[in-house]
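Taking the numbering used here, the leading residue of the sequence shown gets 1, the next gets one more, and so forth.
Cβ coordinates follow ideal geometry from the N, Cα and C atoms, glycine included.
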Amino acid sequence: MKIGSKIKNFKAEMTGNKEFSLSDYLGKNVVIYFYPRDNTPGCTSEGEDFRDNYKFFRKKNTVIFGVSKDSITSHTNFKEKFNFPFELISDSDEKICKIFDVIKEKSMYGKKYMGIERSTFLIDSQGKLIQEWRKVKVKGHAEDVLNSII
């Protein structure tokens, strides 16, 4: 997937008893951020930063979605615990992760495994990828994304 390319429509289960379909958001900018796991320090901070800037994203005609492999039950609890005003998408089968190529080899305590590389994608109102951030560092990231929206 390249900057400027149209993102193929995809559907997935999300919080709020809803189904996500990218085509439902044509006419709006879409931020999709991938994170490793619910209720971990970095993922919580990232979600809180998007939450705290949510009204500014809305003013720029932008919707936000968080994606991880966690279950809808886990996502619902995470969303409620931290008052996230946006929906979280469950990608337990890694279908969306594969579309955006975010499954990478990681290492923890010397052990290698495959997992989600923290990444964010900005899709314009016509469904085209206009910017991506890979190997995201949480601090200041939400503001960087917000400032890149025209």
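From the DSSP output, which residues share a beta bridge with T62? N29
With a Cβ-Cβ cutoff of 8 Å, do F100 and F34 count as a contact? yes
Rounded C-alpha distance that separates K59 from F10: 26 Å
Would you report the Cα separation of K55 and N39, rounded to the nearest angstrom? 23 Å
Going by alpha carbons, who is nearest to S107 out of F86, P36 and Q126? P36
Residue ranges of each alpha helix (DSSP H) within the segment 86 to 113, 4 or longer: 95 to 100
Length of the line joining the Cα atoms of I3 and Y109: 35 Å
Nearest residue (CA-CA) to D70, options T15, E143, K139 and I130: T15
Using only the alpha-carbon positions, how far apart do L22 and K111 sit? 36 Å
Reducing DSSP to helix, strand and coil, say where F57 ends up. helix
Does the Cβ of K79 have 16 or more other Cβ atoms within 10 Å, making it buried, or fewer, making it exposed? buried
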